[in-house]
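Student: Below you will find the structure I want to go over with you.
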RNA sequence: GGCGGAGUAGCUCAGCGGUAGAGCAGGGGAAUCAUAAUCCCUUGGUCGGGGGUUCAAAUCCCUCCUCCGCUACCA
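In the working numbering, the protein residues as written are 7 to 523.
As structure tokens, this is what we get:
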């Protein structure tokens with residue numbers, strides 16, 4: 007038997023300085039939908055998420071909370087891990103940068119880079135604001151009193167020099183540009199690709215990859231006064247989670263290079279410039295693709311702690327239900343663009359697309375089968391033209407879904423599914439099975455079977471995005487758990503007449519206005 | 001400032017050289033299997049302003065206006 011093709015997809019590892027919010031949920035849901043889609047399509051999938059736990063900010067937050075960094079990160083990391091059950095995530099692994107498998111792997115990568123002459127000891131010099139504990143570039147500074155300079159925060163800065171290890175990033179500009187050229191799908195969407203190319207064309211400086219100003223990090227091998235730059239540390243998780251530095255290990259051999267790193271647009275550069283440069287410098291393969299998605303505003307406003315409009319995923323799921331939320335974030339905006347998470351829009355999708363269009367379609371069909379076909383899957387007969395048209399649309403969905411998922415166009419994939427939902431509702435009205443019940447019961451049975459079979463296709467293909475509801479629909483259709491893969495689509499997996507069906511129950515209740523307190 | 005992107009129906013957007021489109025919202029109607037869900041019809045736009053190329057321009061070119069992104073070492 008031939009080996010199944012593999013697919014390795016990652017979320018960024020989330021920085022534990024922050025509690026999980028809609029943004030984290032969004033990225034992870036998108037990856038989950040992708041992972042589920044590929045699994046259903048027969049791929050050997052690896053889906054990774056985790057937490058990024060080192061750095062000065064974490065240390066400060068831990069101190070502020072009166073905890074040790076390890077105790078603090080244990081706690082916050084657990085809140086990210088809890089997103090798994092909350093959002094029905096299917097990740098195969100969850101990595102923390104404080105785990106030994108990671109820290110030792112990163113140190114191995116460091117040693118490799120040193121051996122290859124890609125890292126050298128130098129001096130980092132820059133404008134440093136003691137109050138902010140941060141360096142700033144010349145361009146960020148504004149003039150202060152008496153010829154001094156001020157940071158954007160208003161803090162005074164001073165010229166500071168400290169020893170630091172540097173990565174020879176400047177040597178990789180041409181190689182990176184060639185990589186972008188030869189792999190046009192490496193950065194998506196295209197607008198982001200242009201940005202990255204423009205950035206690299208502007209010239210690259212060597213990158214400071216160690217710090218001596220704090221110690222909450224991975225020690226530099228052979229020079230423990232330094233800890234590693236958090237991005238070198240963090241990015242490497244994608245490899246340490248599959249066994250790096252054991253490049254001959256089963257996991258690494260199977261899954262590296264990753265097929266897709268999903269990221270927010272704010273961390274694009276780290277993934278498309280530094281990361282591939284680190285890897286090429288170490289003689290390793292870069293990931294195949296990096297997709298930068300957009301951000302959500304909340305009722306038209308930027309989410310921020312000060313505005314108090316940061317969405318807690320638990321509250322969001324409690325209010326709307328999980329599958330509606332998953333559906334909304336992937337359906338509402340073209341993936342890659344920014345979107346607005348408004349109550350009105352969520353309810354519109356939930357009541358319109360899910361409850362009225364899809365949920366009600368399933369309900370009306372299953373109820374008619376329940377009442378008029380003895381609660382068993384009806385007997386199909388000869389196909390009328392209208393039947394062929396509808397079934398043809400259903401059969402044609404898989405290829406279209408693949409094309410959309412291939413480029414992470416979740417919104418397109420869902421729109422195509424819902425096109426068939428609409429066709430199905432029109433078909434019900436045109437065929438009017440409630441009238442056929444009296445005039446031509448055999449034809450009624452055929453119509454209901456065609457609808458059930460179409461719904462089977464829709465539900466199987468909707469599983470990646472709304473796994474709970476789609477699974478419920480399939481259960482109500484009497485489709486066994488092991489007959490829900492994409493290989494079961496088409497006539498060969500068709501619903502079998504006579505199969506006893508459970509009593510139908512609504513899958514998507516409409517959202518009704520909450521009591522105003 | 002430089003580079004890139006976008007401005008099309010009330011809203012969100014598709015169209016990217018050949019008689020202005022979709023979804024939602026609004027208006028009217030049909031049907032009654034169904035979560036009063038569904039289906040049909042319909043109102044609505046001088047496609048940001050101006051100029052140009054063309055038999056023909058949302059669609060190509062120029063220019064102006066507005067908005068957004070990027071312009072490196074917090075992550």
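Backbone N, C-alpha and C fix where the C-beta goes; we use that ideal spot for every residue, glycine too.
(1) Alpha carbon to alpha carbon, what distance is there between residue 356 and residue 22?
(2) When every heavy atom of the ligand FMN is checked, does at least one fall within less than 7 Å of the C-beta of residue 438?
(3) To the nearest angstrom, how far is the alpha carbon of residue 72 from that of residue 66?
(4) Buried or exposed for residue 136, please, with buried defined as at least 16 other CB atoms from any protein chain shown within 10 angstroms of its CB.
(5) Using 8 Å as the threshold, is the C-beta distance between residue 492 and residue 46 below it?
(6) Just reading off the alpha helix (DSSP H) that residue 326 is part of, what are its end residues?
(7) Just to confirm the assignment, what range does the alpha helix (DSSP H) spanning residue 75 have?
(8) When DSSP labels each residue in this structure, what does residue 521 get in the three-state scheme?
(9) By DSSP, does residue 274 sit in helix, in strand, or in coil?
(10) Can you tell me which of 422, 347, 18 puts its alpha carbon nearest to the alpha carbon of residue 99?
(11) Taking just the CA atoms, how far does residue 411 sit from residue 177?
(12) For residue 267, does the three-state DSSP call read helix, strand or coil?
(13) Residues in its own chain within less than 6 Å of residue 247 by CB, not counting five upstream and five downstream?
(14) As a quick exercise: from 49, 108, 449, pick the residue whose alpha carbon is nearest that of residue 243.
(15) For residue 207 and residue 59, what's the separation of their Cα atoms in angstroms?
(16) Cutting at 6 Å between CB atoms, please list the residues of its own chain near residue 517, excluding the five before and the five after it.
(17) If you run the structure through DSSP and keep just helix, strand and coil, what is residue 132?
(18) Tell me, please, whether the stretch 81-98 touches the stretch 266-279 by the rule of three or more beta-carbon pairs shorter than 8 Å.
(19) Could you give the uninterrupted runs of the beta strand (DSSP E) lying entirely in the stretch 298-368, keeping only those of 3 residues or more?
(20) Helix or strand or just coil, what does DSSP make of residue 506?
Tutor: Short version:
(1) 32 Å
(2) As far as ligands go, the structure on display features none, and thus does not contain the ligand FMN.
(3) 10 Å
(4) exposed
(5) yes
(6) 319-326
(7) 75-87
(8) Only weak support is given to the placement of residue 521: the predicted model assigns it a pLDDT of 43, under 50, and the question is left unresolved by the model.
(9) helix
(10) 18
(11) 35 Å
(12) strand
(13) 54, 99, 101
(14) 108
(15) 32 Å
(16) 353, 356, 357
(17) strand
(18) no
(19) 302-304, 345-347
(20) strand
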